[in-house]
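Residue 1 is where the sequence shown starts when you use our numbering, and the numbers rise one by one after that. Ideal Cβ placement from N, Cα and C applies to all residues, glycine included.
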Amino acid sequence: MCGIAGYIGKKQAAPIILDGLAKLEYRGYDSAGIAVFDGEKIHMEKAVGRLRVLDELTRHGASMPGFCGIGHTRWATHGCPSDTNAHPHMNRENTIAVVHNGIIENYDVLKARLEKKGYQFVSETDTEVLAHMLTEYYRGNPAEAIEKVMHRVEGSYALGIMFLDHPHHIYAARKDSPLIVGVSDTGKFIASDVPAILQYTRTVYYMENEEIVCLSNEHTRFYNIDGEPIEKEPVTVDWDIHAAEKGGYEHFMLKEIHEQPKAIRDTISPRIKENDIDLGELNLTDEEIKRLRKISIVACGSAYHTGVTGKYVIEDLARIPVETDLASEYRYRNPIYAPDSLVIIVSQSGETADSLAALRDAKAHGSKVLSIVNVVGSSIARESDAVLYTWAGPEISVATTKAYSCQLAVFYMLAMKFARIRGSITAEHFQTLLEALRRLPDQVEGLLSQKEKIQYFANHYLATEHIFFMGRGIDYAISLEGSLKLKEISYIHSEAYAAGELKHGTISLMEKGTLVVALATQDALYPKTVSNIVEVKTRGAFVMALTTLRHKDMEKCADYVLYIPETESPFMGSLAIIPLQLFAYYVALGRGLDVDKPRNLAKSVTVE
Ligand code: G6P
1 MCGIAGYIGK KQAAPIILDG LAKLEYRGYD SAGIAVFDGE KIHMEKAVGR LRVLDELTRH
61 GASMPGFCGI GHTRWATHGC PSDTNAHPHM NRENTIAVVH NGIIENYDVL KARLEKKGYQ
121 FVSETDTEVL AHMLTEYYRG NPAEAIEKVM HRVEGSYALG IMFLDHPHHI YAARKDSPLI
181 VGVSDTGKFI ASDVPAILQY TRTVYYMENE EIVCLSNEHT RFYNIDGEPI EKEPVTVDWD
241 IHAAEKGGYE HFMLKEIHEQ PKAIRDTISP RIKENDIDLG ELNLTDEEIK RLRKISIVAC
301 GSAYHTGVTG KYVIEDLARI PVETDLASEY RYRNPIYAPD SLVIIVSQSG ETADSLAALR
361 DAKAHGSKVL SIVNVVGSSI ARESDAVLYT WAGPEISVAT TKAYSCQLAV FYMLAMKFAR
421 IRGSITAEHF QTLLEALRRL PDQVEGLLSQ KEKIQYFANH YLATEHIFFM GRGIDYAISL
481 EGSLKLKEIS YIHSEAYAAG ELKHGTISLM EKGTLVVALA TQDALYPKTV SNIVEVKTRG
541 AFVMALTTLR HKDMEKCADY VLYIPETESP FMGSLAIIPL QLFAYYVALG RGLDVDKPRN
601 LAKSVTVE
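Here it is, written out as structure tokens:
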């Protein structure tokens with residue numbers, strides 16, 4: 001959500017900034033802008049719409065010569081998407097330019113005060129107050145002015161700032177919105193995320209809350225909010241540069257779907273040791289695990305859906321009560337933090353505002369927080385007591401696939417480990433599960449090779465208006481994700497139901513031809529789901545069922561059947577989700593939509 005890229009160095013800044021912003025497109029945006037110091041003044045260009053509009057406007061930066069600049073992709077919060085509301089924002093004298101990711105919560109009070117003092121606002125954004133406040137406090141020392149502003153604003157921000165008086169410097173600061181600094185032999189960078197700078201450097205500093213950095217060709221200086229210099233250690237990022245490229249696939253989403261076998265393997269293999277699961281990163285003793293009385297899983301979007309599966313699997317295997325909550329609800333519902341409980345935050349980006357707030361609430365109440373995160377060094381990872389990383393690599397497509405699959409795999413390992421330590425499963429059962437876990441990546445691979453069958457089916461449903469997903473137990477959890485995937489990228493209305501709940505209302509929507517995707521992978525629940533399939537069929541629904549090969553009889557009741565291989569029932573979701581991801585992808589593709597960057601959505605939701 002909003003992307004920042006900035007550069008100072010020996011090369012032309014604008015093309016580097018535009019390339020960096022392009023790498024951040026996945027974050028979601030509706031307009032873009034760039035400011036470059038051209039030797040005399042700060043030259044600014046902004047354009048609503050896709051980055052390519054700005055790219056064409058500036059002839060890929062050729063019309064904006066200069067060695068120092070900042071750029072931004074904006075996802076509108078305050079004020080509609082427009083050229084005027086796009087960032088950078090400048091003061092009236094055009095001597096200070098600011099790009100901002102986040103929300104200034106007290107901007108109305110600040111704006112009213114500034115207006116009284118005669119400052120004139122041209123945009124509807126909260127960000128513009130920053131440009132005017134910096135002008136108000138600036139007495140020749142940029143860092144000092146930034147500190148003063150930081151002391152007065154409430155909310156979240158990652159900032160990139162240029163001062164005409166200090167033309168060979170970029171300043172940046174952050175609080176609760178991600179920002180990194182990269183350094184190389186040929187220049188220095190600021191960015192919202194690693195992919196923006198990966199082609200230039202792997203040496204990265206992660207900015208902490210309320211830190212400021214000043215970059216020039218000569219130095220990289222960090223300060224705290226009180227202006228005191230601080231020492232920071234750089235980190236070497238080991239992401240493969242090609243991981244952030246499409247690599248011959250038409251879309252990142254399709255590429256990432258195909259990367260799932262590797263991503264799952266990378267996530268589980270290092271943790272399977274001598275027929276055991278080693279979760280040393282857990283930071284919990286066996287005694288603490290035995291004492292656990294409650295687990296709260298808290299997340300947003302697809303990460304929340306893995307938490308719904310996590311609840312089924314942990315309760316089933318480890319017999320620990322689990323509640324799964326949406327972070328946006330959890331943080332405001334005054335949850336009960338009992339002793340001997342564990343809060344698990346799940347997040348691909350590690351920056352989701354609601355999930356981060358839930359984490360902080362849990363920690364403030366003395367709860368232990370474990371996070372399952374994909375981005376190393378992200379805020380959620382850094383603030384948790386322990387982190388179990390998913391090793392999915394960079395995920396670019398807004399609709400998550402491989403990170404989701406890795407989160408599921410982490411929940412399996414967690415449930416098995418807890419179950420073993422607490423003695424709720426036998427050693428034999430544990431070994432059977434371990435073998436099944438080892439087989440999962442290959443089974444996912446096998447499913448991917450059948451994608452044409454799903455494409456064929458998807459092509460028949462491009463004009464459908466409503467699609468319902470249903471299942472019981474883990475099949476219900478996977479239905480939630482299948483439905484979300486579809487609506488996110490195809491814009492088809494879709495809902496997921498616990499199959500037994502349908503007749504309490506939703507069945508009234510069934511009519512001739514309504515498409516129902518029914519999941520029936522759980523042997524113990526199979527007859528129950530079949531009854532629910534019959535109920536919707538009786539009302540005219542067309543049913544596509546997803547089950548395992550041992551249930552060939554499904555062909556007698558469903559209209560179209562897709563088979564997935566057998567695995568242990570807690571792990572079925574990892575296989576069932578693959579056809580659903582492909583179905584969503586092919587429907588969106590067939591409808592000619594922007595699969596990787598669906599309208600209105602952002603990959604990393606850093607505001608509430
Ligand atoms: C956004 C993304 C979703 C994601 C959710 C949570 O809405 O579009 O794909 O599931 O945020 O993101 P997180 O990074 O916390 O997993």
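- For A524, there is no enclosing beta strand (DSSP E), since its DSSP letter is neither H nor E.
- Membership of T547 in the beta strand (DSSP E) is indicated by the continuous run F542 to T548.
- H251 sits close to V595, with the two beta carbons spaced by under 8 angstroms.
- Just so you know, the alpha carbons of I467 and A520 end up roughly 17 angstroms apart.
- Residue pairing by DSSP places N101 opposite A158 in a beta bridge.
- A distance criterion of 7 angstroms places the beta-carbon of K528 beyond contact range of ligand 1, judged by its closest non-hydrogen atom.
- About 7 angstroms separates the beta carbon of L359 from that of S384, a gap short enough to meet the 8 angstroms contact definition.
- Within the model, the alpha-carbon separation for G28 versus H87 is close to 15 angstroms.
- Excluding residues up to 5 positions away in sequence, Q12 and D38 lie with their Cβ nearer than 7 angstroms to the Cβ of P65 in the same chain.
- Taking a cut-off of 8 angstroms on C-beta distances, the stretch 580-589 touches the stretch 480-495, as three or more cross pairs fall below it.
- By the C-beta density criterion, N334 is exposed, having fewer than 16 other C-beta atoms within 10 angstroms.
- Residue range A327 to Y330 is occupied by the alpha helix (DSSP H) that includes S328.
- With a cutoff of 8 angstroms on beta-carbon distance, P570 and I507 are scored as not near each other.
- Judged by DSSP in its simplified three-state form, D276 adopts strand.
- Secondary structure at D176: strand, using DSSP grouped into helix, strand and coil.
- If you look at C557, you'll find it in the alpha helix (DSSP H) that goes M554 to C557.
- When the beta-carbon positions are compared, S371 and A381 come within less than 8 angstroms of each other.
- Along the length of the stretch 219-307, whole beta strand (DSSP E) runs at least 3 residues long occupy 220-224 and 294-299, reported in chain order.
- With fewer than 16 neighbouring CB atoms inside 10 Å of its own CB, H504 falls in the exposed class.
- Separation of H43 and G247 (C-alpha to C-alpha, rounded to the nearest whole angstrom) is 35 angstroms.
- Secondary structure remark: continuous alpha helix (DSSP H) runs of at least 4 residues inside the stretch 32-114, in chain order: 51-57.
- With a threshold of 7 angstroms, the Cβ atom of S479 does not count as near ligand 1, since no heavy atom of the ligand is closer than that.
- Apart from sequence neighbours up to five positions away, the residues of its chain that approach L408 with a beta-carbon distance below 7 angstroms are T306, T309, G573 and S574, ordered along the chain.
- The three-state reading of DSSP puts Y585 in helix, counting H, G and I together.
- Ranking N275, A403, A496 and V387 by CA distance to the CA of E435 puts N275 first.
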